[in-house]
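Report on one structure; see the data block that follows.
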Amino acid sequence: MSGILMRASNVTAVYAADTGQDVPAVDNVTLEVPEGQILGLAGESGCGKTTLGNALAMIANPPLYVIAGKMAIDDHEIDLSTLAAGADQAHRPYRGATVSLLPQGAMNAISPTLRIRDLVVDVMRAHDKQTTKEDALDRASDRLKMLEMPTRVLDQYAHQLSGGMKQRMVTVVSTLLNPALLIADEPTSALDVSSQKALIEMLLAMVERKIMRGVIFITHDLPVLSMVTDRLAIMYAGKIVEAGPTEELVNHARHPYTSALLSSVLDPTEETRTKHVLGIPGSPPNLGNPPTGCRFHPRCSFAMPECSLKEPQFLHERDHSVACWWANDHAFETVPTEVNQA
Ligand SMILES: Nc1ncnc2c1ncn2[C@@H]1O[C@H](COP(=O)(O)OP(=O)(O)OP(=O)(O)O)[C@@H](O)[C@H]1O
Ligand code: SF4
Ligand SMILES: [Mg+2]
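Numbering-wise, the sequence shown is residues 5 to 346 according to the working numbering.
Here it is, written out as structure tokens:
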């Protein structure tokens, strides 16, 4: 495996609730992004992907509080536990410049009264007040030319752009400060197939041209992730349960949740079209009161008595990691998918 660009350790983030019962939406997560790679972060809705993305991008506004965690990126060692109420100045130099977030739904959040050129200038000046308008627009024009996008979009308003073009534009804007790491949260979800393809090609080109040196691509769209990413991390109920090279996870899942998630994707090919795809029985737990032991145990076809008693620790096999008691007892074995399909 190549060098590590970013390593986040033991990140815990909670939503403070009026009831006094905090919701730990991200619980003791450790995650790595290798240099020059795209890491896919997948899991069912509500499992904590956006919350983790925000914590790593150092964006935490109440009621979200990051209460523990460190991030090593380049030569920086960043203490995420001091992130409080978005008011923490210590993280300001890194936000956007070292780690940039393309938020979920960003393309629909652009002000209708701003031309794209104003957005570009605002973003660059927010980081460095000395940046002139000309410098900001030169940077944006160069970037657009490099990505073979028309520079005329700078003079347009968001409502004048198609969904695909708007999303590509906000992606460019989120990388204007040349961040080491881009966290893209559901960047393709609202797009049609050809716009998805254009955005993916642009992201790949940006990594190839070293505009950024690593990407965390968040989505529950597994077919997209398996096409785009080098590695996958699978999240369930606030925890990473399995991580490894994409091809290996797709073909040799070691965690029953990963296997069930992959089995629940409809495959349109002729021979599998009639196969009954069950999805995952039940639904993810309430994170305010998660199941004991392995959080997946109420839904798992492989659950054993110890699964509800003890939380599985990570088992590392080459560069593939899995937290599961079944995997512990079956070294290097792939989860039998027929059980998921039963
Ligand atoms: N503002 C909030 N206050 C309280 N709880 C919240 C808040 N925002 C999110 N949560 C809870 O945190 C958990 C994780 O939410 P998050 O948005 O990170 O999930 P996600 O994996 O990104 O889901 P999706 O795939 O739907 O985008 C969910 O259980 C959600 O109910
Ligand atoms: S630890 Fe047990 S319940 Fe959890 S995924 Fe593994 S086998 Fe299933
Ligand atoms: Mg989300």
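Where is the CB? At the ideal position from N, CA and C, for every residue including glycine.
Computed from a predicted structure; not experimentally measured.
For a quick check, are the C-beta atoms of residue i and residue j less than 7 Å apart?
i    : j    : result
V70  : A61  : no
L2   : R121 : Limits of the chain in this structure are 5 at one end and 346 at the other, which puts residue 2 out of reach.
V177 : V127 : yes
I114 : A162 : yes
G218 : L9   : yes
A13  : K74  : The sequence shown places Ser at residue 13, rather than the Ala named in the question. In this structure, K74 lies closer than 7 Å to S13 by Cβ.
M111 : Q171 : yes
A20  : P67  : yes
L45  : I220 : yes
V269 : L226 : yes
R3   : G286 : The structure shown does not extend to residue 3, since the chain spans only 5 to 346, so no value can be given for it.
V339 : S263 : yes
T55  : D189 : no
H324 : E252 : yes
A295 : H301 : Checking the displayed sequence, the identity of residue 295 turns out to be Pro instead of Ala. Yes, these two residues count as a Cβ contact at 7 Å.
I222 : G57  : yes
T86  : D78  : no
R235 : A331 : no
M206 : L151 : yes
K137 : V125 : yes
Beta strand (DSSP E) containing residue i: first to last residue?
i    : result
L10  : Checking the sequence, you will find Met at residue 10 rather than Leu. Segment I8 to Y19, the beta strand (DSSP E) holding M10.
G44  : Q41 to A46
G218 : G218 to I222
N417 : Since the first and last residues shown for the chain are 5 and 346, residue 417 lies out of range.
M75  : L68 to I77
D83  : H80 to D83
D189 : L185 to D189
G248 : K243 to P249
L106 : V103 to L106
S325 : H324 to V326
L319 : L319 to E321
Our contact map puts residue i next to residue j with C-beta atoms below 8 Å; I'd like the distance itself, whole angstroms only.
i    : j    : result
C328 : V254 : Actually they do not touch by this definition, with Cβ atoms about 17 Å apart.
H131 : A101 : 6 Å
L291 : V15  : Between V15 and L291 the Cβ distance is about 15 Å, and since that is not below 8 Å, they are no contact.
S312 : P260 : About 14 Å separates the two Cβ atoms, so there is no contact after all.
L181 : S104 : 7 Å
A17  : V30  : 4 Å
A202 : G168 : 6 Å
M210 : T179 : 6 Å
Q160 : R213 : Not confirmed; about 25 Å, so no contact.
A76  : R11  : 5 Å
F336 : E321 : 6 Å
Q200 : V228 : 7 Å
Could you check where the alpha helix (DSSP H) with residue i kicks off and where it finishes?
i    : result
Y261 : P260 to S267
M239 : Taken as a continuous stretch (DSSP letters only), M239 belongs to no alpha helix (DSSP H), being part of the beta strand (DSSP E) at R235 to Y240.
H131 : I120 to H131
R156 : Counting along the chain, R156 falls outside any alpha helix (DSSP H), and DSSP gives it neither H nor E.
T175 : G167 to V177
N332 : W329 to D333
S199 : V197 to E212
P227 : L226 to V232
K53  : K53 to L60
Quick check: is the beta carbon of residue i nearer than 7 Å to any beta carbon in chain D?
i    : result
T296 : The chain inventory of the structure shown lacks chain D, comprising one protein chain alone.
Any 3 or more C-beta pairs closer than 8 Å across the stretch 49-57 and the stretch 229-249: yes
Contact set, ligand 2 heavy atom to C-beta under 5 Å: P260, C298, F300, H301, C304, F306, A307, C311, P316, C328, W329 and W330
For ligand 3, residues whose Cβ lies under 7 Å from any non-hydrogen atom: Matched residues: K53, T54, Q108, D189, E190 and I222.
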